[in-house]
Structure formats: C-alpha cells, structure tokens
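Everything below concerns the one structure shown next.
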Amino acid sequence: MGIQFWMQTTGVVLYFTSMWVAGITQGMMWRAVDEYGNLVYSFIDTVTVLHPYYTIRGISGVLYLSGFILFAYNMYKTITAGKELTEEPQFRTPMA
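Residues 89 to 184 in this note's numbering are what the sequence shown lists, from first letter to last.
Here it is as structure tokens:
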C-alpha cells in the first residue's frame with residue numbers, strides 16, 4: 089500500500105512541477121520581443137525547449153497510472169479476501 093501512495097504522489101508532484109516550469113518558460117519565450125516588436129523565438133523554438141518537460145510529464149503520468157493500477161489491484165484483493173461469518177458477532181457494551 090505504501091508503494092502505491094508514493095508512486096502516485098511522486099507522479100502528481102513531478103507532473104505539476106514540470107507543467108509549472110514549462111508554462112513559465114513558454115510564457116517568457118512568448119513575451120520576448122525585439123526592438124521592432126517581433127517575437128524573438130519562433131513557435132518551433134518554444135516547442136523544442138519544452139520537449140524535456142513534456143517527457144517528464146509523460147513519465148509522471150505513467151507513474152501515476154501505475155500507482156492507480158496497483159491501488160485497484162489492492163482493492164480487488166482486499167474485497168475478495170473477505171471470510172464468510174459462521175456465526176453472528178456478539179456485541180458487548182463497555183460497561184458490561
């Protein structure tokens with residue numbers, strides 16, 4: 089159960105961080121203009137710079153999905169491992 093939690097947590101944190109940094113990078117590249125008001129970087133330059141962040145996003149997504157599959161498997165095994173009761177449980181009050 090612990091490995092599933094850390095897989096999903098790591099996946100979400102890496103995903104969030106890579107998209108945050110990619111967004112700031114893309115925004116700064118789109119704001120860069122020369123003295124005539126033309127964009128300094130072309131669209132393909134922006135895409136090329138952002139490729140490593142998108143790769144990290146893909147790996148993070150696979151990590152999160154793997155953690156979710158592990159979670160679903162754990163839930164399935166927990167549900168199917170139940171034992172049938174042979175007699176009714178006896179409830180007692182704390183004062184008795």
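Backbone N, C-alpha and C define an ideal beta-carbon position, used for all residues, glycine too.
The residue among V121, M95, G90 and R119 with its C-alpha nearest the C-alpha of L153 is M95. With respect to the C-alpha of T97, the residue from T181, S148, R180 and D133 having the closest C-alpha is S148.
Boundaries of the alpha helix (DSSP H) around K165: F131 to T168. Taking C-beta atoms as the reference points, L151 and Q114 fail to come closer than 8 Å. Around the beta carbon of R119, fewer than 16 other beta carbons sit within 10 angstroms, so the residue counts as exposed.
DSSP, reduced to helix, strand and coil, places V100 within a helical segment of the structure shown.
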